[in-house]
Amino acid sequence: MYEKQFFFIWFVMKIYIIATEPSGDYLGSHLIKELKKKKINSIEGIGGELMNMEGMNSWVPIEKFNTIGLIEVLIRIPKFYKIFKKVENFIKNNPPDILITIDSPSFSYRLVKKLQNLRKKVKMIHYVAPTVWAWKKYRAKIFANLYDQLFVLFKFEKKYFVEHGLKTSWVGHQIFFKKNKIKKKNIICFLPGSREIEIKKNLKKMKKILNDISNEYQKFKFYILGFDHHKKIINQIIPNSKAKIITKFKLKQKIMMQSSLAVASSGSVTMELSKYRTPMIVVYDTNYFTRILIKIFVKVKFCSLINIFFNKEIVPELIFEKFTYTRVIKEIRNLLNNESLRINQIKHMDEFSKKMLNNGNPAKLVVNHIIEK
Numbered sequence: 268m269y270e271k272q273f274f275f276i277w278f279v280m281k282i283y284i285i286a287t288e289p290s291g292d293y294l295g296s297h298l299i300k301e302l303k304k305k306k307i308n309s310i311e312g313i314g315g316e317l318m319n320m321e322g323m324n325s326w327v328p329i330e331k332f333n334t335i336g337l338i339e340v341l342i343r344i345p346k347f348y349k350i351f352k353k354v355e356n357f358i359k360n361n362p363p364d365i366l367i368t369i370d371s372p373s374f375s376y377r378l379v380k381k382l383q384n385l386r387k388k389v390k391m392i393h394y395v396a397p398t399v400w401a402w403k404k405y406r407a408k409i410f411a412n413l414y415d416q417l418f419v420l421f422k423f424e425k426k427y428f429v430e431h432g433l434k435t436s437w438v439g440h441q442i443f444f445k446k447n448k449i450k451k452k453n454i455i456c457f458l459p460g461s462r463e464i465e466i467k468k469n470l471k472k473m474k475k476i477l478n479d480i481s482n483e484y485q486k487f488k489f490y491i492l493g494f495d496h497h498k499k500i501i502n503q504i505i506p507n508s509k510a511k512i513i514t515k516f517k518l519k520q521k522i523m524m525q526s527s528l529a530v531a532s533s534g535s536v537t538m539e540l541s542k543y544r545t546p547m548i549v550v551y552d553t554n555y556f557t558r559i560l561i562k563i564f565v566k567v568k569f570c571s572l573i574n575i576f577f578n579k580e581i582v583p584e585l586i587f588e589k590f591t592y593t594r595v596i597k598e599i600r601n602l603l604n605n606e607s608l609r610i611n612q613i614k615h616m617d618e619f620s621k622k623m624l625n626n627g628n629p630a631k632l633v634v635n636h637i638i639e640k
């Protein structure tokens, strides 16, 4: 015990954390909280609002990574290459003791691959497993060769990496650790996504739905949940909307918690809604070519994690060509007018939430593994 305290006082450990998406920013902020409890304050990297609030200055604004899909990435290759080289060269010239990459497997994989010459002096950690169970199972072996340790959110993911010799620990998801007092109100929230491209695509389809539903269900308040750097785009697509745009993190959480119904773009936000026991309809669309690639390569029947977990449609999924005005309106009416449908979703959400919990704070588990072992 005393040896560990002495170690942390006299040895200044340098840690870099790389999170290029809002979901990673959330997890990263909790890691920083736990690292600071260990008196480790030399933390740099890439993150967003939440990591910056914990005292980390991001090398690159997180919104610079605000894209999705093959076509969008190809269009922005010069910009991404410049950012990538900047990050790569900085780490090579100023190596940390520990490098933690969070989610964003495409960026993380390419970065860590370029840093393999540092492996002898830099411990390489990845947090949030790539979805090898959905597509490209061979990536598990690739990740095993690149990293020293992996932390997974879902228990079933562990087996895919352990078999390739990668030290892998299941820690659970941070979202499910905190207990919340939930009181529902007459609120319907729309979540068009976290990236500019998907917001433009999804919100254009949501526009008429939101307008007509707000006229039909006038006792409800309506909200669009997004990010500060997307507020201008949202206002351009839906000017003079009856829905209030919310971008502050804690207020967004409060709205999700209080909502009676959510229309949400597929992504990690569906886990939050499950945690908050908010009945939902999952929607999603992207460009034509990315859509074709997803249909070819993705091997799971569902896109939302609660449906994947139960291997059946607990929450309605209206993806690609199914994401139409008529179908979404129908599902909204079904859920608002049929209590048994809402109860069924909530019952499965409660079971899902219990399965996502490990013993203890996930961020603390991660930090204890990488610092004290």
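Our numbering applies: residue 268 is where the sequence shown begins, and numbers increase by one.
For every residue, glycine included, the Cβ atom is placed at its ideal position computed from N, Cα and C.
None of the values given here were measured: they were computed from a predicted structure.
#1: Note the first and the last residue of the continuous beta strand (DSSP E) segment covering K390.
#2: Thinking just about the alpha-carbon of each residue, which of L470, K472 and F487 is nearest to the one in K452?
#3: To the nearest angstrom, how far is it from the Cα of L458 to the Cα of V279?
#4: If V395 sits next to L413, beta carbons under 8 angstroms apart, how far is it from one beta carbon to the other, in whole angstroms?
#5: Whose C-beta lies closer than 8 angstroms to the C-beta of Y283 among residues of the same chain, with five residues either side of it excluded?
#6: Determine, using beta carbons only, whether F587 and R558 come nearer to each other than 7 angstroms.
#7: Here's the rule I'm using: 16 or more other beta-carbon atoms within 10 Å means buried, otherwise exposed. How should I454 be labelled?
#8: Could you name the residues of the same chain whose beta carbon sits closer than 7 angstroms to that of H497, not counting the 5 residues immediately before and after it, in chain order?
#9: Where DSSP assigns a beta bridge to I449, which residues make up the other side?
#10: To the nearest angstrom, how far is it from the Cα of S373 to the Cα of I522?
#11: Is V536 helix, strand or coil when you go by DSSP?
#12: Residues bridged to T511 by DSSP?
#13: Would you mind stating whether G460 and S541 have Cβ atoms separated by less than 7 angstroms?
#14: Grab me the residues of R609's own chain with a C-beta within less than 7 angstroms of its C-beta, minus the 5 sequence neighbours each way, in chain order.
#15: Can you tell me the Cα-Cα spacing of V550 and Y592, whole angstroms?
#16: Can you look up Q416 in the DSSP assignment and give me helix, strand or coil?
#17: Taking Cβ to Cβ, would you say V438 is nearer than 7 angstroms to F410?
#18: Count Cβ pairs between the region 572 to 580 and the region 606 to 621 that sit closer than 8 angstroms; are there 3 or more?
#19: Just the Cα atoms here: how many angstroms apart are I285 and K381?
#20: Which residues share a DSSP beta bridge with K654?
#21: Tell me the DSSP secondary structure of M547 in three-state form.
#22: Who are the near neighbours of F443 in its chain, counting only those whose CB is closer than 7 angstroms to its CB and skipping five residues on each side?
#23: Less than 7 angstroms separating the beta-carbons of I329 and G315?
#24: Please classify I449 as buried or exposed, where buried requires at least 16 neighbouring CB atoms within 10 angstroms.
#25: Under 7 angstroms between the Cβ atoms of K475 and L492?
#26: In angstroms with no decimal places, state the Cα-to-Cα distance between I501 and G627.
#27: So, with DSSP's three-state summary, where would you put I559?
#28: Among Y405, M391 and N361, whose alpha-carbon lies nearest the alpha-carbon of S375?
#29: With a threshold of 8 angstroms on Cβ separation, who are the neighbours of I596 within its own chain once the five nearest residues in sequence on each side are excluded?
#30: Can you give me the Cβ contacts of I638 inside the same chain, cut-off strictly under 7 angstroms, excluding the 5 residues immediately before and after it?
#31: For P583, which residues of its own chain have a beta-carbon under 6 angstroms away from its beta-carbon, when the five flanking residues on both sides are left out?
#32: Going by Cα to Cα distance, which pick from N384, G534 and F569 is closest to N230?
#33: With DSSP run on the structure shown, which of helix, strand or coil describes L458?
#34: Suppose contacts are defined by Cβ-Cβ distances below 7 angstroms. Is R386 in contact with P397 by that definition?
Quick look at the numbers:
#1: What you label residue 390 is simply residue 123 of the sequence shown in a count that begins at 1. K390 to Y394 is the span of the beta strand (DSSP E), which, as asked, contains K390.
#2: On the sequence shown, residue 452 is found 185 positions in, with the first residue counted as 1. Per the Cα distances, F487.
#3: Numbered from 1 along the sequence shown, position 191 holds the residue referred to as residue 458. Numbered from 1 along the sequence shown, position 12 holds the residue referred to as residue 279. Roughly 42 angstroms separates the two Cα atoms.
#4: Taking the sequence shown and counting its residues from 1, the one referred to as residue 395 is at position 128. Taking the sequence shown and counting its residues from 1, the one referred to as residue 413 is at position 146. Actually they do not touch by this definition, with Cβ atoms about 15 angstroms apart.
#5: Here residue 283 corresponds to residue number 16 of the sequence shown, with the count starting at 1. Once the five neighbours on either side are set aside, the close Cβ partners of Y283 are I310, E311, G312, I358, P363, I365, L366 and I367.
#6: The count along the sequence shown starts at 1 and reaches residue 587 at position 320. The count along the sequence shown starts at 1 and reaches residue 558 at position 291. In contact: F587 and R558 (Cβ atoms closer than 7 angstroms).
#7: Indexing the sequence shown from 1 puts residue 454 at position 187. Buried, because 16 or more other Cβ atoms sit within 10 Å of the Cβ of I454.
#8: Working through the sequence shown from its first residue, we reach residue 497 at position 230. Answer for H497: E463 and I466, listed in chain order.
#9: Mapped onto the sequence shown, residue 449 falls at position 182. In the DSSP output, where bridge partners are listed per residue, I449 has none listed.
#10: For the purposes of this step, residue 373 is taken as residue 106 along the sequence shown, with counting starting at 1. For the purposes of this step, residue 522 is taken as residue 255 along the sequence shown, with counting starting at 1. Rounded to whole angstroms, S373 to I522 spans 32 angstroms at the Cα level.
#11: Sequence index remark: in the sequence shown, residue 536 carries index 269 (1-based). Correct three-state label for V536: helix.
#12: Sequence index remark: in the sequence shown, residue 511 carries index 244 (1-based). Going by the sequence as given, residue 511 is Lys instead of Thr. Answer is Y490, bridged to K511.
#13: By 1-based counting over the sequence shown, the position of residue 460 is 193. By 1-based counting over the sequence shown, the position of residue 541 is 274. Going by C-beta atoms, G460 is not nearer than 7 angstroms to S541.
#14: Locating residue 609 in the sequence shown gives position 342, where the first residue counts as 1. Excluding residues within five positions, the ones whose Cβ falls inside 7 angstroms are P546 and L602.
#15: The residue you call residue 550 lines up with position 283 of the sequence shown. The residue you call residue 592 lines up with position 325 of the sequence shown. If you take the alpha carbons of V550 and Y592, they lie about 11 angstroms apart.
#16: Within the sequence shown, numbered from 1, the residue matching residue 416 stands at position 149. The answer is strand: DSSP assigns Q416 an E or B state.
#17: Position 171 of the sequence shown, counting from 1, holds the residue named residue 438. Position 143 of the sequence shown, counting from 1, holds the residue named residue 410. Not in contact: V438 and F410 (Cβ atoms no closer than 7 angstroms).
#18: yes
#19: Position 18 of the sequence shown, counted from the start, is the residue given in the question as residue 285. Position 114 of the sequence shown, counted from the start, is the residue given in the question as residue 381. Between I285 and K381, the C-alpha separation is close to 15 angstroms.
#20: Limits of the chain in this structure are 268 at one end and 640 at the other, which puts residue 654 out of reach.
#21: As a position in the sequence shown, residue 547 is number 280, starting the count at 1. Of the three classes helix, strand and coil, the one that applies to M547 here is strand, per DSSP.
#22: By one-based count along the sequence shown, residue 443 stands at place 176. Closer than 7 angstroms at the Cβ level, and outside the excluded window around F443, lie K542, S620, M623 and L624.
#23: As a position in the sequence shown, residue 329 is number 62, starting the count at 1. As a position in the sequence shown, residue 315 is number 48, starting the count at 1. Yes.
#24: Along the sequence shown, one-based indexing puts residue 449 at 182. By the neighbour-count rule (16 or more Cβ atoms within 10 Å), I449 is not buried but exposed.
#25: As a working note, residue 475 is residue 208 in the sequence shown. As a working note, residue 492 is residue 225 in the sequence shown. For K475 and L492, no; Cβs fall outside 7 angstroms.
#26: For the purposes of this step, residue 501 is identified with residue 234 of the sequence shown, where counting begins at 1. For the purposes of this step, residue 627 is identified with residue 360 of the sequence shown, where counting begins at 1. Answer to the nearest angstrom: the Cα atoms are 38 angstroms apart.
#27: By one-based count along the sequence shown, residue 559 stands at place 292. In the structure shown, I559 sits in a helix (DSSP, three-state: H, G or I).
#28: Mapped onto the sequence shown, residue 375 falls at position 108. It is M391 whose Cα lies nearest to the Cα of S375.
#29: For the purposes of this step, residue 596 is taken as the residue at position 329 of the sequence shown. The residues are I476, D479 and I480.
#30: The count along the sequence shown starts at 1 and reaches residue 638 at position 371. Correct list, in chain order: K305.
#31: Position 316 of the sequence shown, counted from the first residue, corresponds to residue 583. Excluding residues within five positions, the ones whose Cβ falls inside 6 angstroms are I548 and E598.
#32: Nothing about residue 230 can be read from this structure; the chain reaches only from 268 to 640.
#33: Here residue 458 refers to the residue found at position 191 when the sequence shown is read from its first residue. The answer is strand: DSSP assigns L458 an E or B state.
#34: For the purposes of this step, residue 386 is taken as the residue at position 119 of the sequence shown. For the purposes of this step, residue 397 is taken as the residue at position 130 of the sequence shown. No, these two residues do not count as a Cβ contact at 7 angstroms.
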